[in-house]
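Undergrad: Sequences listed follow chains A and B, in order. Remember, the numbering used here sits 8 above the position in the first sequence when you count from 1. Remember, the numbering used here sits 191 above the position in the second sequence when you count from 1. I have a structure here, written as C-alpha cells, and I will follow up with some questions on it.
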Amino acid sequence: MKSKNNDRAKKGDLVQVYLVILKPEERVKKLPECTKRVPYEAWVKGILIDESAVIGDRVRIKSFIGREITGTMTGINPGYNHNFGLPQPELVQIGLEAWLETRKTEEDK
Amino acid sequence: MMKKNDYSSVMSRKGEILKNATGIDYQQFESSAVTFNYGNLLGSPGYSIDEVRSIQAETGVGNTPLVELKRITSLVRSLSPPGKGARVFIKDERANPSGSFKDRRASLSVYHSSRLGYKGVIAATSGNYGAAVASQAAKLGLKTIIIQEVYDSRHVGQPEILEKTRACEAYGAEVWQMTVGPELFYMLLLMLEETGFYSASLYTPTAILGIETLGFELAEQAKERVGKFPDAVIITHAGGGNVTGTARGLMKAGASSTAVIGASVDLRGMHMASDEDFNRKSFTTGHSAFGIPFLTWPDRTDVPRNCARALRYLDRYVLVTQGDVFYVTELLSRMEGLQRGPAGNTSLTAALAVARELDRDQVIVVQETEYTGAGKMPTSQLTFARENGIEVRRGDPKENCPGRTIVIPEGVEQIKVEDVDLDKIRESYIRNARQSVEDYKFQPFDLDFLAEDSKSKHDFVKRILSLSETEKKS
Chain A
9 MKSKNNDRAK KGDLVQVYLV ILKPEERVKK LPECTKRVPY EAWVKGILID ESAVIGDRVR
69 IKSFIGREIT GTMTGINPGY NHNFGLPQPE LVQIGLEAWL ETRKTEEDK
Chain B
192 MMKKNDYSSV MSRKGEILKN ATGIDYQQFE SSAVTFNYGN LLGSPGYSID EVRSIQAETG
252 VGNTPLVELK RITSLVRSLS PPGKGARVFI KDERANPSGS FKDRRASLSV YHSSRLGYKG
312 VIAATSGNYG AAVASQAAKL GLKTIIIQEV YDSRHVGQPE ILEKTRACEA YGAEVWQMTV
372 GPELFYMLLL MLEETGFYSA SLYTPTAILG IETLGFELAE QAKERVGKFP DAVIITHAGG
432 GNVTGTARGL MKAGASSTAV IGASVDLRGM HMASDEDFNR KSFTTGHSAF GIPFLTWPDR
492 TDVPRNCARA LRYLDRYVLV TQGDVFYVTE LLSRMEGLQR GPAGNTSLTA ALAVARELDR
552 DQVIVVQETE YTGAGKMPTS QLTFARENGI EVRRGDPKEN CPGRTIVIPE GVEQIKVEDV
612 DLDKIRESYI RNARQSVEDY KFQPFDLDFL AEDSKSKHDF VKRILSLSET EKKS
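Here is the structure:
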C-alpha cells in the first residue's frame with residue numbers, strides 16, 4: 009500500500025527535477041508544427057539540498073558532479089525501467105532457417 | 192551586467208563560447224568565406240598516430256580483435272553466384288572500455304582537454320559517445336556533463352537512449368535529458384558558458400584523429416591474417432567522423448586501394464526535429480537522416496568547421512532497411528555467437544549484400560560492433576516499435592516504410608543495398624556552399640577546395656556553381 013510519504017523527499021535523497029528551458033514562443037522558428045507547440049523541457053537528477061520537499065515543489069539539488077541546480081521536483085529516485093522487451097516471433101526462427109540453409113549447401117557438395 | 196540567456200542572445204555569442212570551449216581559433220585556418228586549411232586544422236593539436244595509439248593504450252582503448260565471420264561467410268556464399276562471396280571479418284569494437292568505437296574519439300579529446308587544463312567536459316549526444324566521454328573523463332579525473340535528446344512531449348523515452356542515460360550516470364556524469372528539438376545546441380552553449388568546461392564535440396580535430404587508429408589497426412590486422420589489406424571496409428555512417436577517421440587511418444597504414452564504403456539505415460521521409468516522428472524510428476543513429484545532410488553540408492555542427500568530412504573519402508554510399516539490420520543482428524548472435532547492438536550492425540548488413548558481388552578471395556572488413564543490453568536489443572526496439580503503432584512482420588524488405596512498417600527479411604538473399612548517387616550528393620554540397628555565402632565571388636582556390644572537399648574535379652565544381660548562378664538569376 010502506498011503511503012503519503014512516497015511523495016515526500018528529505019535532504020540527501022536522490023531526486024529528479026524538471027525545468028522548462030524554452031517556452032513554445034521562445035523556441036527556434038523553423039520547427040515542425042508538432043514540435044513548435046510544445047515547450048523545450050529537461051530533466052536532471054541529483055541529491056536534494058533542501059530539508060524536505062514534495063513532488064511539485066521547487067527545490068535545489070546537487071548534481072552528480074557537485075553543481076547546484078534548481079527545478080521542480082518530479083521524482084524521488086526514479087528507476088531505470090528500460091528493458092529487454094518481448095521475444096520476437098519474427099526473429100527467433102532466423103537462426104534455424106540459416107542453419108538449414110548452410111546444411112543444405114553442405115549436403116549438395 | 193548579467194548576460195542575457197534567451198535563444199538569440201546565446202546564439203550570438205556562439206563564436207566566442209566555442210573558441211573558449213575548444214581552445215581553437217577556427218578563423219586562423221580560413222583563407223576565405225569558403226576555403227579553410229583542413230590539413231592544418233587536423234594537425235593543430237599536434238598528435239602523431241603513434242602518440243594517439245599510446246594515449247589510447249593508457250586507458251585500455253583500441254587493439255580490439257578482428258574476428259572472421261566464417262559461418263556467415265559460408266551462408267552468403269551458398270546464396271551467391273559461383274565464384275562470388277567475399278570473406279567477411281568484423282572488428283569487435285565492443286571490446287573498448289565503454290563498449291564502442293566512440294571510446295577512440297573520446298579518449299583523445301578528453302586527454303587533450305586535460306592537457307589544456309580544463310576541469311570538465313561537455314558533449315551533446317544521445318549515442319554511445321556520451322558513455323565514452325564519461326568513461327574516459329572518469330579515468331582522467333575530469334567532470335562530465337552529457338546533454339541528451341531522450342523524450343517526446345508525452346515524456347516517453349526512446350529505450351536505446353534511456354540506456355545511454357543509465358550508462359552515462361554510471362560513469363558519474365550529470366545527465367540532462369531533453370525533449371525533441373535542435374535547441375540541444377543552445378543548451379550546449381549555455382552549459383559551456385556556465386561551466387567553462389571543454390566542448391568534447393564529435394567534430395573537433397581530436398575527435399577525428401582518435402578514430403584514425405581504428406583504420407590503421409584493421410589494415411595491419413588484415414595484412415597479418417590474410418596477407419593483404421582489405422579489398423573493402425564498410426563503415427556505418429551518420430555524422431561522418433567514423434568514415435573520415437577510418438579512411439584516414441587506412442591511408443596512413445598504406446591501404447590506399449581499399450574501397451571505403453559508407454552504410455546508413457534508410458530513414459528517408461522522417462523528420463529529425465519532429466516530436467511525433469521521434470519515437471517512430473528504431474535507430475537513433477547510423478541513419479540516413481544524419482548521413483545524407485552531413486554529406487551535403489558537414490558544417491552544420493557544434494563547431495565552426497567540421498573535421499568530419501566523409502565526402503572526401505567515400506568511394507560508395509549505400510542504404511539498408513531497419514528490418515534488414517534487425518535480421519542481421521539476430522544472425523550475428525545465432526551464427527557467430529556475438530550479441531552486439533543493432534545500430535552498429537548497419538555496416539555488417541550492407542557487407543552481406545556487398546560480399547555477394549565480390550570474389551571469394553576478396554576480403555571485406557566491417558569496422559565496428561557496439562555493446563548491447565536492455566533498451567538496445569532488437570527485442571526491446573521491436574517491442575517499443577509495436578507500442579508506438581509500427582507494424583512488424585516478415586516479408587520482402589522492399590516493403591519497409593520508415594515510421595510505419597518494419598519488415599524482417601525471409602532470407603539473406605533478400606538483403607540488398609540501395610546505392611546513393613554520390614555525384615548528386617556532391618552537387619548538393621556545392622550548391623550549399625554557394626548558398627552559404629551571399630554575393631561572394633568564388634576564387635580559383637575556392638573551387639580547388641570544393642573539389643577536394645567533395646572528391647570531385649575543378650570542372651565539375653565550376654559547372655555546378657555556374658548552373659546555380661543561372662538558376663538564381665532566372
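The beta carbon of each residue, even a glycine, is placed where N, CA and C say it ideally should be.
1) Taking CB distances under 8 Å as the criterion, tell me whether H687 of chain B reaches chain A.
2) Going along chain A, which residues have a C-beta under 9 Å from L257 of chain B?
3) When the Cα atoms are used, what is the spatial distance from P86 of chain A to V23 of chain A?
4) For chain A, is any of its Cβ atoms less than 8 Å away from the one on G566 of chain B?
5) Just how far apart, CA to CA, sit V341 of chain B and F636 of chain B?
6) Assuming contact is defined by CB atoms lying nearer than 8 Å, are T264 of chain B and R278 of chain B in contact in what I supplied?
7) Assign P32 of chain A to buried or exposed, taking buried as 16 or more other Cβ atoms, counted over all protein chains shown, within 10 Å of its Cβ.
8) Y488 of chain B CB to nearest chain A CB: under 8 Å?
9) In chain order, which alpha helix (DSSP H) runs of at least 4 residues are fully inside the stretch 385 to 426 of chain B?
10) For my contact list, S239 of chain B and I215 of chain B are in at a C-beta cut-off of 8 Å; report their separation, rounded to the angstrom.
11) Could you tell me whether the Cβ atoms of F227 of chain B and V258 of chain B are closer together than 8 Å?
12) DSSP three-state label for C42 of chain A, please.
13) Relative to chain B, which residues along the stretch 40 to 69 of chain A have a C-beta separation below 8 Å, given in chain order?
14) Of all the options A:K37, A:G93, A:E105, A:G64, which has the alpha carbon lying nearest to the alpha carbon of Y26 of chain A?
15) What does P373 of chain B reach in chain A if we use C-beta pairs closer than 7 Å?
16) How many Å lie between G430 of chain B and T316 of chain B at the Cα?
17) CB-CB under 6 Å to D457 of chain B, same chain, minus the five flanking residues each way: which ones, in chain order?
18) Does the stretch 411 to 420 of chain B come within contact of the stretch 385 to 396 of chain B, defined as at least 3 CB pairs closer than 8 Å?
19) Classify S447 of chain B: buried if its beta carbon has 16 or more other beta carbons within 10 angstroms, exposed otherwise.
20) Where does M9 of chain A sit, in a helix, a strand or coil, going by DSSP?
21) Measuring CB atoms only, is the stretch 207 to 225 of chain B touching the stretch 634 to 653 of chain B, in the sense that at least three cross pairs come out at less than 8 Å?
22) Is it the case that the Cβ atoms of A314 of chain B and V371 of chain B are separated by a distance below 8 Å?
23) Work out the CA separation of N497 of chain B and S203 of chain B for me, nearest whole Å.
24) Give me, in chain order, the residues of the same chain whose beta-carbon lies closer than 8 Å to that of I599 of chain B; leave out the 5 immediate sequence neighbours on both sides.
25) With DSSP as the reference, label E364 of chain B as helix, strand or coil.
26) Straight-line CA distance for E578 of chain B to Q572 of chain B?
27) For R75 of chain A and chain B, any beta-carbon pair shorter than 8 Å?
TA: On the basis of the supplied data:
1) No answer is possible for residue 687 of chain B: it lies beyond the span of chain B, which begins at 192 and ends at 665.
2) Result: empty, since nearest Cβ-Cβ is about 23 Å, beyond 9 Å.
3) 7 Å
4) yes
5) As the crow flies, the alpha-carbon of V341 of chain B is around 43 Å from that of F636 of chain B.
6) yes
7) exposed
8) For the record, residue 488 of chain B in the displayed sequence is Trp; it is not Tyr. Taking Cβ atoms only, chain A never reaches closer than 8 Å to W488 of chain B, which makes this a no.
9) Under the rule that a run must span 4 or more residues, the alpha helix (DSSP H) segments found entirely inside the stretch 385 to 426 of chain B read 396 to 417.
10) Not quite, the Cβ-Cβ distance comes to about 19 Å (not below 8 Å), so this is no contact.
11) In this structure, F227 of chain B keeps its C-beta atom at 8 Å or more from the C-beta atom of V258 of chain B.
12) helix
13) P40, C42, T43, V46, P47, Y48, E49, A50, W51, V52, K53, G54
14) A:G64
15) Listed along the chain, the chain A residues whose CB falls inside 7 Å of the CB of P373 of chain B are V36.
16) Cα to Cα, G430 of chain B sits roughly 11 Å from T316 of chain B.
17) S479, L510, T512
18) no
19) exposed
20) At M9 of chain A the pLDDT is 41, less than 50, meaning the model places this residue with poor confidence and gives no usable figure here.
21) Cβ pair count under 8 Å is three or more, so yes.
22) With contacts defined by Cβ atoms closer than 8 Å, A314 of chain B and V371 of chain B do not form a contacting pair.
23) 19 Å
24) G514, F517, Y518, V583, R584, R585, G586
25) In the sequence under discussion, the amino acid at residue 364 of chain B is Ala, which differs from the Glu named in the question. Here A364 of chain B sits in coil by DSSP.
26) 10 Å
27) yes
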